[in-house]
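Protein chains in written order, with my numbering: chain G, -17 to 92; chain P, 10 to 128.
Glycine is no exception: its CB is placed at the ideal position from the N, C-alpha and C atoms.
Being a predicted model, the structure only gives us computed values, none of them experimental.
Everything on this sheet refers to the single structure shown next.
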Amino acid sequence: QTVVTQEPSFSVSPGGTVTLTCALSSGSVSTSYYPSWYQQTPGQAPRTLIYSTNTRSSGVPDRFSGSILGNKAALTITGAQADDESDYYCVLYMGSGIYVFGTGTKVTVL
Amino acid sequence: EVQLVESGGGLVQPGGSLRLSCAASGFTFSTYWMHWVRQAPGKGLVWVSRISPDGTSTTYADSVKGRFTISRDNAKNTLYLQMDSLRAEDTAVYYCARAPGGTYGVDYWGQGTLVTISS
Chain G
-17 QTVVTQEPSF SVSPGGTVTL TCALSSGSVS TSYYPSWYQQ TPGQAPRTLI YSTNTRSSGV
43 PDRFSGSILG NKAALTITGA QADDESDYYC VLYMGSGIYV FGTGTKVTVL
Chain P
10 EVQLVESGGG LVQPGGSLRL SCAASGFTFS TYWMHWVRQA PGKGLVWVSR ISPDGTSTTY
70 ADSVKGRFTI SRDNAKNTLY LQMDSLRAED TAVYYCARAP GGTYGVDYWG QGTLVTISS
């Protein structure tokens, strides 16, 4: 069974930069997995930040960016703000119409 | 404005059935892939199912295959999830979501509907 792993937690200072990653239990993540990234605060529906590796969703500020770093998908937050404190999830397209979400990363801004 | 509004959640006994609906507006529903994603209390997001714009292609996570059926009515701009043989582990908030393509992740989400499986 495929597992998509993210860092459990990250702490970043206001104005700082943080890079979250999304890895496969076996193999490398590439653009062929069409990685997407979502932000979720407690009690709220997820919000789409990035889809298809690096395409920002409508209304998402350009301090959020997506990429492939080595063998992982990555989400970089540049100039972190207090309201970036959230849970972040990636999802990968595994082919044959199947998707797998990552384990999620809790980001604290302090 | 894109809107996705789920309904149909509630409390059901194990082994029971429930049908969720998702009313879509603000976009041409019949041209988009649609998904269901769920989140158990305090847990992460889990992909459940996907359906093609014309409804002819459907896929499911292994955990729900054979028990859940995704469908859509493009004339009514509505997505459905028929859930049968429900188990305690199906307890979750269920989100419907829109995807801009057959391989892309979702771009818009509904607010979710809570399904609780308990005796």
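Requested in this report: Give me the Cβ distance between P/S66 and P/W45, rounded to the nearest whole Å; I'm assuming they're in contact under 8 Å.
Outcome: Locating residue 66 of chain P in the second sequence gives position 57, counting from the first residue. Locating residue 45 of chain P in the second sequence gives position 36, counting from the first residue. Between the beta-carbon of P/S66 and that of P/W45 there is about 15 Å, and that puts the pair past the 8 Å contact cut.
Query raised in the report: Three-state secondary structure (DSSP) at P/A33?
Result: Residue numbering aside, residue 33 of chain P sits at position 24 when the second sequence is read from its first letter. DSSP places P/A33 in strand when its eight states are reduced to three.
Query - Buried versus exposed call for G/S10 [16 or more other C-beta atoms within 10 Å across all chains shown] - result: Along the first sequence, read from residue 1 onward, the residue named residue 10 of chain G stands at position 28. When all chains shown are included, G/S10 counts as exposed.
Query - Identity of the residue in P/Y113, P/G110, P/V102, P/Y117 nearest P/G17 by Cα - result: Position 8 of the second sequence holds residue 17 of chain P. Nearest to P/G17 by C-alpha distance, out of P/Y113, P/G110, P/V102, P/Y117, is P/V102.
Query raised in the report: What residue ranges within the stretch 42 to 73 of chain G form continuous alpha helix (DSSP H) runs of no fewer than 4 residues, ordered along the chain?
Result: Correct list: empty.
Query raised in the report: From the beta carbon of P/T100, is the nearest beta carbon of chain G less than 8 Å away?
Result: Position 91 of the second sequence, counting from 1, holds the residue named residue 100 of chain P. Cβ-Cβ to chain G under 8 Å: no for P/T100.
Query raised in the report: Who pairs with P/E15 in a beta bridge, going by DSSP?
Result: As a position in the second sequence, residue 15 of chain P is number 6, starting the count at 1. P/C31.
Query raised in the report: Would a check of beta-carbon distances place G/A27 closer than 8 Å to chain P?
Result: Within the first sequence, numbered from 1, the residue matching residue 27 of chain G stands at position 45. Yes, because at least one Cβ of chain P sits closer than 8 Å to the Cβ of G/A27.
Report task. Could you pull out every residue in the same chain whose Cβ sits closer than 6 Å to the Cβ of P/P109, ignoring the five residues on either side in sequence? Result -> The count along the second sequence starts at 1 and reaches residue 109 of chain P at position 100. Same-chain partners within the cutoff: D116.
Query raised in the report: Given that G/T30 touches chain P, what residues does it touch there, using C-beta distances under 8 Å?
Result: Position 48 of the first sequence, counted from the first residue, corresponds to residue 30 of chain G. Ordered by position in chain P, the residues that pass the 8 Å Cβ test against G/T30 are G114, V115, D116, Y117, W118.
Query - Simplified DSSP assignment, three categories, for P/S100 - result: Mapped onto the second sequence, residue 100 of chain P falls at position 91. Here the sequence assigns Thr to residue 100 of chain P, which means Ser is not the residue at that position. P/T100 falls in the coil class under three-state DSSP.
Query raised in the report: At a CB-CB cut-off below 8 Å, which residues of chain P make contact with G/Y81?
Result: Reading the first sequence from its first residue, position 99 is the one you call residue 81 of chain G. Neighbours of G/Y81 on chain P, chain order: H44, W56, R59, G114.
Report task. Check the Cβ-Cβ distances between G/G41 and every residue of chain P, and say whether any is below 8 Å. Result -> Locating residue 41 of chain G in the first sequence gives position 59, counting from the first residue. Not one chain P Cβ lies under 8 Å of G/G41.
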